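J.: At position 111 of the sequence shown the residue is numbered 111 (UniProt numbering), and the sequence of numbers has no breaks.
Attaching a single structure in structure tokens format; questions to follow.
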Amino acid sequence: MLPIWNANSSRLTLTLFHPLLSLAPSSSNSKTFPTSPNVTTTTTTTTTMSSDPTTLSYLSHARYGKDKIRLLRVVRKGAWHHVVEYNVQVLLEGSISTSYTQADNSVVVATDSMKNITYYLAKVSPHVLIPERFALHLGTHLVSKYAHIDKAYVEIEQLRWSRIPVSDGDGKDGKEQVKEHPHSFWRDGEEKRVVEVEVDASKGKDTLIAKVTSGLKDLLILKSTGSAFTNFIRDEYTTLVEVDDRIFSTSVDLSYTFNSFSISPPTDEKKLEFAIPESGPDSELPIGGVWDTEVPKRAREVTLETFAKDDSASVQATLYKMAQKIIADNAGVQEVSYSLPNKHYVPVDMKYIGVDNMTPKEAEVFIPLAAPSGLISATVRRK
């Protein structure tokens, strides 16, 4: 006999099923079927649960919005132009449950409208060149304009555009002078600056609380020495060879979170105003607070310098030093997270032709391996 779980009841019931026997439904609570002179099989019916799915579940959380809103903004200051390119995601929360539970679209701000609002604010906002400020402006507008929306989440990826250096003729010493071109740019890498902003109006439209998380992603780095990996657990599954000198390469994903802060609600009819929060009369920080300083530049520099200089015993150990340094150097940064996937480079074995390319000091030709790869991540918080 084969055991079968009956999942159509308020409890799980184990019924024994004989593979050579077809059992017909029973109209009574119990019935015995003859199978052979020495074998009988008994089935037992159980109370089934309601067939109405609405009694079995409820909506516990809902959030929706528009993803992959791509935009390029040109800000012209005479002949000197600035450009930013963003990938934007906008998500909303609030009194929207009936759109799920009752097919009530009257509470839905169309995601296409969110896209249009993003483009419009990119046109009119004086904060568009700074992703943290622009995200805060967009989130503040959304929770202020729509009475039933309690929270707005705005994520921005900023793509790199750097000015092209061009010749400006010879200087007084006869050396060629180089300057940045006023309106020509080049993509100097796939690294992206990232910003996540939450604007919370759940305590009232006059009490807006914001939270900013900034960082970077896809920063590809490599060092050809100064990295080892030894003294790890060895057991029957271990094939990895210990090395005291290896290539260390990773694609850095970094985020750092600041203290929450209050935002003044817009006072204009269309809710388009946005005032950068004041830091306070005794603060040495600029308007906006610590998130509005040079933290992105410093965090990137710390990441690169620590990676380059650290005599790395492991990815984990180097990661921890990076995060500690960012917190130590930036007051107001409360939490730092890194995700560091290994980019493996494996030396080519050339013993078949009598060449040593496997000894760490002799290894010079490597094969890049995309998968499988290690993934090391951690979060470090301020005490």
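For glycine and all other residues, C-beta sits at the position ideal for the given N, C-alpha and C.
Note that the coordinates shown come from a computational prediction; the quantities given were computed from them, not determined experimentally.
For leucine 346, count the other beta carbons within 10 Å of its own beta carbon; 16 or more makes it buried, fewer makes it exposed. Which is it?
T.: Within the sequence shown, numbered from 1, the residue matching residue 346 stands at position 346. It should be noted that the sequence gives valine, not leucine, for residue 346. Looking at its Cβ environment, which holds fewer than 16 other Cβ atoms inside 10 Å, valine 346 is exposed.
J.: Go ahead and label histidine 141 buried or exposed: buried means 16 or more other beta carbons lie within 10 angstroms of its beta carbon, across all protein chains shown.
T.: What you label residue 141 is simply residue 141 of the sequence shown in a count that begins at 1. The residue in question, histidine 141, is buried, as its Cβ has 16 or more Cβ neighbours within 10 Å.
J.: At what residues does the alpha helix (DSSP H) containing valine 302 begin and finish?
T.: Residue 302 sits at position 302 when you count from the first residue of the sequence shown. Looking at the DSSP string, the run of the alpha helix (DSSP H) that includes valine 302 is 295–309.
J.: Looking only at C-alpha atoms, which of Ser377, Asp200, Ala313 sits nearest to leucine 254?
T.: Translated into the one-based positions of the sequence shown, residue 254 becomes position 254. Of the candidates Ser377, Asp200, Ala313, the one whose C-alpha sits nearest the C-alpha of leucine 254 is Ser377.
J.: Could you check if aspartate 292 is buried or exposed, using at least 16 other CB atoms within 10 Å of its CB as the buried criterion?
T.: Your numbering for residue 292 matches position 292 in the sequence shown. When all chains shown are included, aspartate 292 counts as buried.
J.: Beta strand (DSSP E) containing residue 385: first to last residue?
T.: Given a span of 1 to 383 for the chain in the structure shown, any question on residue 385 remains unanswerable.
J.: Where do the N-terminal and C-terminal ends of the beta strand (DSSP E) with arginine 187 fall, by residue?
T.: Reading the sequence shown from its first residue, position 187 is the one you call residue 187. Segment: none, arginine 187 is in no beta strand (DSSP E) and carries neither H nor E.
J.: Buried or exposed, going by whether 16 or more other CB atoms sit within 10 Å of the CB of threonine 55?
T.: Within the sequence shown, numbered from 1, the residue matching residue 55 stands at position 55. The residue in question, threonine 55, is exposed, as its Cβ has fewer than 16 Cβ neighbours within 10 Å.
J.: Roughly how many whole angstroms lie between the Cα atoms of residue 432 and leucine 219?
T.: The requested residue 432 is not part of the displayed model; the chain covers only 1 to 383.
J.: Under a Cβ-count criterion, where at least 16 other Cβ atoms within 10 Å of its own Cβ denotes burial, should histidine 61 be classed as buried or exposed?
T.: In the sequence shown, the residue the question calls residue 61 occupies position 61. Per the 10 Å Cβ criterion, exposed.
J.: Let's see if you can read the secondary structure: which residues bound the beta strand (DSSP E) around phenylalanine 258?
T.: By one-based count along the sequence shown, residue 258 stands at place 258. Looking at the DSSP string, the run of the beta strand (DSSP E) that includes phenylalanine 258 is 248–258.
J.: How far does the beta strand (DSSP E) with arginine 133 in it extend, from its first residue to its last?
T.: For the purposes of this step, residue 133 is taken as residue 133 along the sequence shown, with counting starting at 1. Not the beta strand (DSSP E): arginine 133 falls in the alpha helix (DSSP H), residues 131–145.
J.: Looking at lysine 258: is its Cβ nearer than 9 Å to the Cβ of glutamine 177?
T.: For this step, residue 258 is matched to residue 258 along the sequence shown. For this step, residue 177 is matched to residue 177 along the sequence shown. Reading the sequence as shown, one finds phenylalanine at residue 258 and not lysine. Cβ distance not < 9 Å, so phenylalanine 258 and glutamine 177 don't count as in contact.
J.: Going by C-alpha to C-alpha distance, which of Leu319, Val154, Ser314, Ala122 sits closest to glutamine 89?
T.: By one-based count along the sequence shown, residue 89 stands at place 89. Ranking the options by Cα distance to glutamine 89, first place goes to Val154.
J.: Could you check which residue in Asn116, Ser99, Ser373, Ile263 has the C-alpha nearest to that of aspartate 200?
T.: Mapped onto the sequence shown, residue 200 falls at position 200. Closest by alpha carbon: Ile263.
J.: Serine 337: which of Lys77, Lys325, His344 sits nearest, CA to CA?
T.: For the purposes of this step, residue 337 is taken as the residue at position 337 of the sequence shown. The shortest C-alpha separation from serine 337 is found at Lys325.
J.: Can you give me the Cβ contacts of serine 97 inside the same chain, cut-off strictly under 7 Å, excluding the 5 residues immediately before and after it?
T.: As a working note, residue 97 is residue 97 in the sequence shown. Cβ within range, chain order: Leu59, Ala62.
J.: I need the straight-line Cα distance from histidine 148 to aspartate 310, nearest angstrom please.
T.: In the sequence shown, counting from the first residue as 1, residue 148 sits at position 148. In the sequence shown, counting from the first residue as 1, residue 310 sits at position 310. In a straight line, the C-alpha of histidine 148 is about 51 Å away from that of aspartate 310.
J.: For residue 384, count neighbouring Cβ atoms within 10 angstroms of its own Cβ and tell me buried if that reaches 16, exposed if not.
T.: Only positions 1 to 383 of the chain appear in this structure, which leaves residue 384 out of reach.
J.: With DSSP as the reference, label tyrosine 352 as helix, strand or coil.
T.: Sequence index remark: in the sequence shown, residue 352 carries index 352 (1-based). Tyrosine 352 falls in the helix class under three-state DSSP.
J.: Taking 8 Å as the cut-off, does the region 304–320 touch the region 210–229 (at least 3 CB pairs, one atom from each stretch)?
T.: With the cut-off at 8 Å, the region 210–229 and the region 304–320 touch.
J.: From valine 83 to arginine 70, what does the alpha carbon distance come to, in whole angstroms?
T.: Counting from 1 along the sequence shown, the entry for residue 83 is found at position 83. Counting from 1 along the sequence shown, the entry for residue 70 is found at position 70. Their backbone Cα atoms lie some 14 Å apart in a straight line.
J.: When burial is assigned at 16 or more other CB atoms within 10 Å of the CB, is proline 165 buried or exposed?
T.: Residue numbering aside, residue 165 sits at position 165 when the sequence shown is read from its first letter. Flag for proline 165 reads exposed.
J.: From Lys271, Phe261, Asp268, pick the residue whose C-alpha is nearest to that of proline 277; which is it?
T.: Reading the sequence shown from its first residue, position 277 is the one you call residue 277. When only C-alpha atoms are compared, the closest one is Phe261.
J.: What number of angstroms, rounded off, separates the C-alpha of arginine 246 from the C-alpha of isoleucine 156?
T.: On the sequence shown, position 246 is the one that residue 246 refers to. On the sequence shown, position 156 is the one that residue 156 refers to. Distance between the alpha carbons of arginine 246 and isoleucine 156 is about 36 Å.
J.: State the Cα-Cα distance for the pair histidine 330 and methionine 322, rounded to the nearest angstrom.
T.: For this step, residue 330 is matched to residue 330 along the sequence shown. For this step, residue 322 is matched to residue 322 along the sequence shown. Correcting the residue type first, residue 330 is asparagine in the shown sequence and not histidine. C-alpha separation (whole angstroms): 12 Å.
J.: Could you tell me the distance, in whole angstroms, from the CA atom of glutamine 316 to the CA atom of threonine 379?
T.: Taking the first residue of the sequence shown as position 1, residue 316 is located at position 316. Taking the first residue of the sequence shown as position 1, residue 379 is located at position 379. Near 11 Å, if we compare the C-alpha coordinates of threonine 379 and glutamine 316.
J.: If we define contact as Cβ-Cβ less than 9 Å, is tyrosine 237 a contact residue for chain D?
T.: This model lacks chain D altogether, as it is built from one protein chain only.
J.: How far does the beta strand (DSSP E) with glutamine 334 in it reach, from first residue to last?
T.: To locate residue 334, count along the sequence shown from 1; it is residue 334. Counting along the chain, the beta strand (DSSP E) containing glutamine 334 begins and ends at 333–341.
J.: According to DSSP, is threonine 239 part of a helix, a strand, or is it coil?
T.: Locating residue 239 in the sequence shown gives position 239, where the first residue counts as 1. Coil at threonine 239, not helix or strand.
J.: Note down the Cα distance separating alanine 370 from threonine 239, rounded to an integer number of angstroms.
T.: Taking the first residue of the sequence shown as position 1, residue 370 is located at position 370. Taking the first residue of the sequence shown as position 1, residue 239 is located at position 239. C-alpha separation (whole angstroms): 19 Å.
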